[in-house]
Amino acid sequence: MAITFALAVAAAASYGILDVTKPPYNADPSGKSDSTKAIQEAVNDARDGRMVVYFPAGTYRVSDTIIANQQNHDRRENPLLGRRDDFPCVLWGSTRGGRARIVLADNAPGFQDPANPKPVIYFISFRQDGTVDNPNISFSQMIISLDVELGRANPGAIGVDHQGAQGSVAEDVHVNAEGAFAGFRGVCGSGGSFSHISVRGGRYGLYLAGLGLQKAFSGSQPSPIISYLTLVGQTEASILSATRGPLTLVGALIEGPGIRLEGARNPFDGALNMVDSVIRLRGSARAISGNRPVYLNNVYVENAREIARIDNAPPLSGRAKGWTHVIEYAASPSQLYPIWVNGAKRSEPLAELGPEGPPPEDFRRAHQWEEPLPSWDDPAVANVKEPPYSAKGDGLSDDTDAIQRALDEKRDVFLPKGIYCISRPLRLRAVSRLFGLGVHSKIVPKADSPAFADPAKPSPLLTTPNDAEATCVAALFQLWCRIPGAYAIYWRAGRNSMVRNVRTKLSPWEKGAGPANHPVILIEGHGGGRW
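If you count by my numbering, then the sequence shown holds residues 1 to 531, one letter each, in order.
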């Protein structure tokens, strides 16, 4: 029987996916009409329904900010309502048949003032009275596989403002900020992160300082990490950083002006760590400047007369023409937080430089995903809720056989929205790729299962073969270890495997259960890969 349009929409909704192009939203993927209102309504409804907002490939024109406001509840009326992190906003673009682009209209009202910049997509958490809440309770909010273009004549525009925590991410997001203020304002920390993001143009690639409703805050949650960052063609600074705790960049490529570190309230706020990264200076002679601590490890810098100038510390010189390889460098602006090496305090920076020459051609590859995940609606992907697998995901039925069969038969397996109870560990094959919808896809152990009955010999919810060449992937779901006889992951897959945005959860603990004395994640044998 042919699947009707209405049935297709209903099926996607049952998977936890709200398509912005379908009724009643009808966002226009051609970019001809303004989709601001449609997208905003879809974001609100998906959040309240614990769903993902899905953007099929196309161009979506907007003229105002899309506010991704995490749901909150007045628990005085119903103390049993779900936690705040059960109602996040998740914006997810297509990876099938092209990408989804959100494009700001040219000369859009409100985006003209660089002194008061305004984001196109704004993740935040408000109180009941509409005043802003702390970003540290903006949980599990995600933007994945979307492109953002800031149009022409919008000098006050920012692509994405996202300062979240605990599972909040920006992944595979690319911003064209030519002529605009910045690609990103804020960065996730405290268990959140950015990965595989890029910005072309703009006064700043990353503007990591307080703005607008968040002026009272720093430019991040504590200790943010960004992996595989690409910034090209900024005009004032590639990064302006006033983060809370250090900003750590791994596998970054910066081509343009240098990084500027600004003062912050606490000693290690605003510090910078860079590992396995490349800076190609354009229009500037100094790669890093400011009054905060800096640590570099395996960083290549091109055309830098000075690699780093940190207040109260001797500058680190480089080559005005050509490459400098920084094997290791550490500097601090104050002896209140000095450099320590092997238990000895140093009064001068630590600096070790390598021979002149460019980085290897595949220098950043260790931090790059081997290949993108497939789209949930790709015909080659096994949907565990569809026949012949027919998992229930109702939090009661035993879905072990259904999910394991899908893993055994298909390379790519999709976990739609649901709570999937299992009675024994799920086994990934060496080539398996299991992915879901973030916190909306949960795997939990059945409390009465013999496999998870002995806290002294706990079993993992997910396990891999002990294979150095395995390419298996676990991505975008939650492992809820609610009893002491279960732990999350037993990982023995090698360097080409990946664990991406998998959340482990322990609470609420099963009533009457004793303490657990086992790691939540255990890596042994050939275990490694990208995490």
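Positions of the beta carbon are idealized from the N, C-alpha and C atoms, including for glycine. Every value quoted in this text rests on a predicted model; they were computed, and no experiment measured them.
Item	Value
Taking the alpha carbon of Val-20 as the point to measure from, which residue in Ser-14, Ala-57 and Met-142 has its own alpha carbon closest?	Ala-57
For Ser-375, which of Ser-30, Ser-94 and Gly-31 has the nearest alpha-carbon?	Ser-94
Tell me which residues share the same chain as Pro-587 and place their Cβ nearer than 6 Å to its Cβ, disregarding the 5 neighbours each side in the sequence.	Coverage of the chain is limited to positions 1 through 531, which leaves residue 587 absent and any answer about it impossible.
Throw me the rounded Cβ distance for the Leu-150 and Ala-170 pair, which I believe falls under 8 Å.	Not really, about 16 Å apart at Cβ, beyond 8 Å.
Cutting at 6 Å between CB atoms, please list the residues of its own chain near Ile-158, excluding the five before and the five after it.	Pro-117, Pro-119, Phe-181, Ala-182 and Arg-185
I'd like to confirm the pairing. Which residues does DSSP put opposite Gln-478 in its beta bridges?	Lys-442 and Arg-503
Runs of 3 residues minimum, wholly inside the segment 219-302: which ones carry the beta strand (DSSP E) assignment?	225-227, 230-232, 237-241, 247-250, 253-256, 259-261, 272-281, 286-290 and 294-302
Tell me which residues share the same chain as Asn-383 and place their Cβ nearer than 6 Å to its Cβ, disregarding the 5 neighbours each side in the sequence.	Phe-414
For Pro-458, collect the residues of the same chain with a Cβ closer than 8 Å to its Cβ; drop the 5 residues on either side in sequence, then sort them by chain order.	Phe-452, Pro-484, Gly-485, Ala-486, Tyr-487, Ala-516 and His-518
Considering only residues of the same chain and omitting the five flanking positions on each side of Asn-154, which have a CB-CB separation below 8 Å?	Leu-104, Asp-106, Asn-107, Ala-108, Phe-111, Gln-112, Gly-179 and Ala-180
Can you tell me which of the three DSSP states Thr-400 falls into?	helix
Compare the beta carbon distance of Leu-554 and Asp-45 with 8 Å and say whether it is the shorter of the two.	Residue 554 is absent from the model: the chain starts at 1 and stops at 531.
Expressed to the nearest angstrom, what Euclidean distance is found between the alpha-carbon atoms of Ser-30 and Thr-59?	5 Å
Let's see if you can read the secondary structure: which residues bound the alpha helix (DSSP H) around Thr-36?	36-48
Distance, Cα to Cα, Ser-423 vs Lys-442?	14 Å
Taking the CB atoms as reference points, tell me whether Leu-353 and Ala-330 lie closer together than 8 Å.	no
Under three-state DSSP, which class holds Glu-409?	helix
Pick helix, strand or coil for Ser-317, following the three-state DSSP scheme.	strand
Out of Ser-140, Glu-236, Asp-28 and Arg-492, state which residue places its alpha-carbon closest to the alpha-carbon of Gly-525.	Arg-492
Around the Cβ of Trp-92, are there at least 16 other Cβ atoms within 10 angstroms (buried) or fewer (exposed)?	buried
Under the assumption that Ala-242 contacts Gly-219 (Cβ atoms under 8 Å), give the Cβ distance between them as a whole number of angstroms.	5 Å
Do you know whose CA, among Pro-88, Ser-63 and Val-52, lies nearest Asn-69's CA?	Pro-88
Looking at the secondary structure, which residues open and close the beta strand (DSSP E) in which Ile-144 lies?	142-149
Taking only three categories from DSSP, how would you classify Ser-63?	coil
Please report the straight-line C-alpha distance between Phe-363 and Leu-462, rounded to a whole angstrom.	32 Å
Comparing C-alpha positions only, which one of Glu-348, Glu-356 and Phe-55 sits nearest to Gly-318?	Glu-356
So which of Asp-408, Tyr-300, Ser-289 and Gly-258 has the shortest CA-CA distance to Arg-282?	Gly-258
Let me confirm a value: Trp-531 is counted as buried when at least 16 other C-beta atoms fall within 10 Å, else exposed. Which label applies?	exposed
Spatial neighbours of Pro-416 within its chain, please: CB distance less than 6 Å, with the 5 preceding and 5 following residues excluded, ordered by chain position.	Tyr-15, Gly-16 and Lys-385
So, helix, strand or coil for His-367, using DSSP?	helix
May I have a chain-ordered list of the beta strand (DSSP E) segments no shorter than 3 residues that lie completely inside the segment 335-364?	339-341, 344-346 and 350-353
Please list, in chain order, all residues of the same chain as Asn-496 whose beta carbon is under 8 Å from its beta carbon, the five residues on each side excluded.	Glu-370, Glu-469, Ala-470, Thr-471 and Gly-529
Which two residues bound the contiguous beta strand (DSSP E) that contains Lys-118?	118-124
Gln-234 to Ala-366, Cα distance in whole Å?	26 Å
Figure out for me which residue from Lys-32, Ala-402 and Ser-227 has the closest Cα to the Cα of Tyr-420.	Ala-402
Nearest by alpha-carbon distance to Ser-138: which of Pro-379, Ser-334, Ile-307 and Ser-168 is it?	Ser-168
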